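Peer 1:
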Amino acid sequence: MTRFLRELTHTLGGLGTPVGFLQLARRLGVVLGVAALLALGAGLVDGLLIAPPDWQQGENARIMYVHVPMAWLATSCYVALAGCSAAFLVWRHPLADLAATEIAPVGALAAGLCLLTGSLWGRPSWGTWWVWDARLTSMLILFFLYLGQITLLRAFDDPARGRRAAALLVLAGAVDLPVIKFSVTWWNTLHQPASLTLTGAPTISWAMLRPLLLCAIGFSCGAGWLILLRMRTALLARRVQALSTRFTSAPAAHAVTSPAFPASHGEQAPGGKSKP
Numbered sequence: 004m005t006r007f008l009r010e011l012t013h014t015l016g017g018l019g020t021p022v023g024f025l026q027l028a029r030r031l032g033v034v035l036g037v038a039a040l041l042a043l044g045a046g047l048v049d050g051l052l053i054a055p056p057d058w059q060q061g062e063n064a065r066i067m068y069v070h071v072p073m074a075w076l077a078t079s080c081y082v083a084l085a086g087c088s089a090a091f092l093v094w095r096h097p098l099a100d101l102a103a104t105e106i107a108p109v110g111a112l113a114a115g116l117c118l119l120t121g122s123l124w125g126r127p128s129w130g131t132w133w134v135w136d137a138r139l140t141s142m143l144i145l146f147f148l149y150l151g152q153i154t155l156l157r158a159f160d161d162p163a164r165g166r167r168a169a170a171l172l173v174l175a176g177a178v179d180l181p182v183i184k185f186s187v188t189w190w191n192t193l194h195q196p197a198s199l200t201l202t203g204a205p206t207i208s209w210a211m212l213r214p215l216l217l218c219a220i221g222f223s224c225g226a227g228w229l230i231l232l233r234m235r236t237a238l239l240a241r242r243v244q245a246l247s248t249r250f251t252s253a254p255a256a257h258a259v260t261s262p263a264f265p266a267s268h269g270e271q272a273p274g275g276k277s278k279p
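Reading the sequence shown from the start, the letters are residues 4 to 279 in the working numbering.
(1) Can you give me the Cβ contacts of Phe264 inside the same chain, cut-off strictly under 6 Å, excluding the 5 residues immediately before and after it?
(2) Report the rounded CA-to-CA distance for Val33 versus Leu84, giving the unit in angstroms.
(3) Please tell me whether Trp132 and Ser141 are closer than 7 Å, where the distance is taken between their beta carbons.
(4) Three-state secondary structure (DSSP) at Asp160?
(5) Mark Ser223 as exposed unless 16 or more other C-beta atoms lie within 10 angstroms of its C-beta, in which case mark it buried.
(6) Using a Cβ cut-off of 7 Å (strictly closer), state whether Ser88 contacts chain D.
(7) Please list, in chain order, all residues of the same chain as Ala177 whose beta carbon is under 6 Å from its beta carbon, the five residues on each side excluded.
(8) Starting from Gln26, follow the alpha helix (DSSP H) in both directions and report where the run begins and ends.
(9) Along the alpha helix (DSSP H) that carries Arg65, what are the first and last residues, could you check?
(10) Sorted by chain position, which residues of the same chain lie with C-beta nearer than 6 Å to Ala170's C-beta, five sequence neighbours on each side aside?
(11) With Leu43 and Gly225 assumed to form a contact (beta carbons below 8 Å), what rounded beta-carbon distance in angstroms separates them?
(12) Touch check for the region 68-80 and the region 206-220: three-plus C-beta pairs under 8 Å?
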């Protein structure tokens, strides 16, 4: 048992290094990519072609097979982003900083698609493209928080200051997550309440819940694959840059340590005669 725990600790510790992470990301990325293709393909086919239309909203309700997973994904990515930002501020872990940098664009894309599909859904349902509803407004704030984090990373001449400022913004913006979650309960809003809860039975039929869950799994696996791919690419780019800097600085160092007049067949010996 002690040996097993020691080996497990060594394995988990190795995953915190760039080399260990690259090995894990390569294998896990394949699994997530295949799972995303299978789940998303099955979910979209089921949701767009097989599932029945909503009794009240008709065919327009099929937008939820993209809109709802994007909303879940936007909030889930922000939870991961806040966790990585906290780990970077407390332990200064470089992989946590890298993960936060690469998660933010994916979360911003999910939040943007959530707002876009929500507008497409709301136009025939509410008669307008946008209302300052509590759920919509809090999701818009989340989108701006993502953009703020991405902007702060590039706003300072000192990258370390930019990373600290971005991490602090993310942690401060985490108060928006419970507002998004409970906005339909705290205020009287146009947005419908959640169809899935931990305490009650689903208020949506299985024929529509099945493709919704498949799409949620597919989009989540696809987002995980994309984040791992971005992190792997960033790590490899840093490695290439480090190697390039090392090889570029090597000739300069050699020129400094080498004699100004290297000994050769034409070198002049004291007395004016050439050395053999």
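Beta carbons are placed, not taken as given, at the ideal position from N, Cα and C, and that holds for glycine.
Model, not experiment: these values are computed from the prediction.
Peer 2: Reading it off the structure:
(1) With a pLDDT of only 41 at Phe264, under the threshold of 50, the placement of this residue in the model should not be trusted; the figure read from the coordinates follows. Excluding residues within five positions, none has a Cβ falling inside 6 Å.
(2) 23 Å
(3) no
(4) coil
(5) buried
(6) Although the question refers to chain D, the structure presented lacks it and comprises just one protein chain.
(7) Ala85
(8) Pro21 to Val48
(9) Looking at the DSSP string, Arg65 is not in any alpha helix (DSSP H), and its letter there is neither H nor E.
(10) Ser88, Phe91 and Leu92
(11) 6 Å
(12) yes
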